[in-house]
Amino acid sequence: MKRMAVLDVSTVTELRGTFRTVVWLCVQTLRRAGARAGAAHAHSPESDPLWWRENLALDESSLTLVGFSKGCVVLNQLIYEFHYTKTLTPGDAHMMRFTGRVRSMVWLDGGHAGGKNTWITSRSLLETLTRLDVNVFVHVSPYQVQDESRPWIGREEKTFTGLLKKLGAKVCRYLHEQPGMPQSLHMHFEVLASFKNMQDNCPDNLPDTSDEDA
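For the sequence shown, UniProt numbering assigns the number 1 to the initial residue and increments by one for each residue that follows.
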């Protein structure tokens, strides 16, 4: 059965709210980095709302890379770049320095209209990612991984997550289910709100909700 994405005014409003949530999350991350970098300088947020930008040394900060939906393609491309750098251009000091700053990578319900390559399934590429010792977080919803009209997404994600675990990578998978709810675009965007709540409430000690054979 084909699915139809019908957006009424209330849904559009919710999606806009979700987008603002993502922007807020990014700003809060930068503010925390700025607060650490400029802790010795006292500023009043009321008088200087951009105080957190002072002494913000992103080139010295740990990086968490987050991709949502089609944006996960960028994370996939970075894995190719990491592999290329590690195997063919280890003398690229700039890229090696950037790679060394990456602490975590977060895939949020990756998916696109293509017929394949939604998730990386190459063993050599995932071996490189494992050797980088980054924290890998996979957040998915039934909207993507259980879509009967795009079955390759679920298969590829299962291979991606399962192979990383076999290789010994630090990977956690979360399936954002909504029992009784239809697979809809709203479910897809709800992953963003759930991700924010998870970061706010308990960012470092969350259980892996993947199946044993995932």
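Beta carbons are placed, not taken as given, at the ideal position from N, Cα and C, and that holds for glycine. What you are looking at is a predicted structure, and each value in this text was computed from that prediction instead of being measured.
- Cα atoms of E148 and F82: separation of roughly 33 Å, rounded to the nearest angstrom.
- When R131, T118, L126, V138 are compared, the shortest CA-CA separation from R150 is found for T118.
- Within its own chain, the residues whose Cβ lies closer than 6 Å to the Cβ of I79, once the five positions on either side in sequence are excluded, are I120, L125, L129, listed in chain order.
- A straight line joining the alpha-carbon of C172 with that of V145 spans about 16 Å.
- In this chain, the alpha helix (DSSP H) harbouring G162 covers 151-166.
- With fewer than 16 neighbouring CB atoms inside 10 Å of its own CB, M181 falls in the exposed class.
- For the 8 Å CB-CB criterion, T159 and V138 do not form a contact.
- The shortest C-alpha to C-alpha distance from T64 to any of S184, P179, V106, L175 is the one to V106.
- Within the model, the alpha-carbon separation for V134 versus L167 is close to 13 Å.
- Rounded to whole angstroms, the Cβ separation of M96 and T87 is 12 Å, and the two are not in contact under 8 Å.
- Excluding residues up to 5 positions away in sequence, L108, D109, G110, G111, H112, H188 lie with their Cβ nearer than 8 Å to the Cβ of S69 in the same chain.
- When DSSP states are grouped into helix, strand and coil, W51 belongs to the helix group.
- For V171, no alpha helix (DSSP H) segment is defined; the enclosing uninterrupted segment is the beta strand (DSSP E) at 170-175.
- Remark: C-beta atoms of L164 and V191 do not approach each other more closely than 8 Å.
- In this structure, the straight-line span from the alpha carbon of P142 to that of S184 is close to 9 Å.
- Only residues of its own chain outside the window of five on either side were considered, and among them L129, T130, V136 have a CB closer than 7 Å to the CB of A169, listed in chain order.
- For N135, no alpha helix (DSSP H) segment is defined; the enclosing uninterrupted segment is the beta strand (DSSP E) at 135-140.
- Cβ neighbours of G115 within its own chain (closer than 7 Å, five residues either side excluded): W152.
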